[in-house]
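Numbering-wise (the working numbering), the sequence shown opens with residue 642 and increments by one. Yeah, the Cβ is synthetic: ideal placement off N, Cα and C, and Gly gets one too.
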Amino acid sequence: MREPGVDLTTHHSKSVQLIDPETVDTVITLCAEEVCPVFLGKARRLHWPIPDPASKDPSIPHEEMLTRFRTARDTIRGMLERLAEQEVPSG
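See the structure below:
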């Protein structure tokens, strides 16, 4: 994420159980092969099955791993941009 200028150094993952469902409007799940977490509440749910770029396979070259993460990042960015365009009120 550093490449496009996004600083994630203060971000960390957290369990969905730590999030108050009343504060969430939309939940986007990205799981493709794995089981998606359950999020209770009335939030709109979108599912974008994007393959997990991470792997513990030591035979995958560093450049290939970077490519996998860049592809996932760019796919998510494109989908978020399309979602934002759909939600902009016309007029």
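Checklist line | Cβ distance (whole Å) where Pro662 is taken to contact Gly682 below 8 Å | finding: Locating residue 662 in the sequence shown gives position 21, counting from the first residue. Locating residue 682 in the sequence shown gives position 41, counting from the first residue. With 8 Å as the limit, Pro662 and Gly682 qualify as a contact, their Cβ atoms being about 3 Å apart.
Note to self: Which runs of the beta strand (DSSP E) at least 3 residues long sit entirely within the region 647-730? Give them in chain order.
What the structure shows: Unbroken beta strand (DSSP E) stretches of 3 residues or longer found wholly inside the region 647-730: 667-670, 685-688, given in chain order.
Check: Where Gln658 and Met720 are concerned, what is the direct C-alpha to C-alpha distance, given to the nearest angstrom?
Finding: Here residue 658 refers to the residue found at position 17 when the sequence shown is read from its first residue. Here residue 720 refers to the residue found at position 79 when the sequence shown is read from its first residue. Our two residues, Gln658 and Met720, have alpha carbons roughly 26 Å apart in a direct line.
Check: By Cβ distance, which residues of its chain are closer than 8 Å to Cys723, with the 5 residues on each side in sequence left out?
Finding: To locate residue 723, count along the sequence shown from 1; it is residue 82. Strictly speaking, residue 723 in this sequence is Arg, with Cys absent from that position. Nothing meets the Cβ criterion.
Notebook entry, point to check: Do Cys672 and Pro690 have their C-beta atoms within less than 8 Å of each other?
Noted result: Counting from one through the sequence shown, the residue named residue 672 turns up at place 31. Counting from one through the sequence shown, the residue named residue 690 turns up at place 49. Cβ atoms of Cys672 and Pro690: closer than 8 Å.
Checklist line | Residue of Val729, Pro694, Leu687, His653 minimising C-alpha distance to Arg711 | finding: Position 70 of the sequence shown, counting from 1, holds the residue named residue 711. Selection Val729, Pro694, Leu687, His653 evaluated against Arg711 yields Pro694 as nearest (Cα-Cα).
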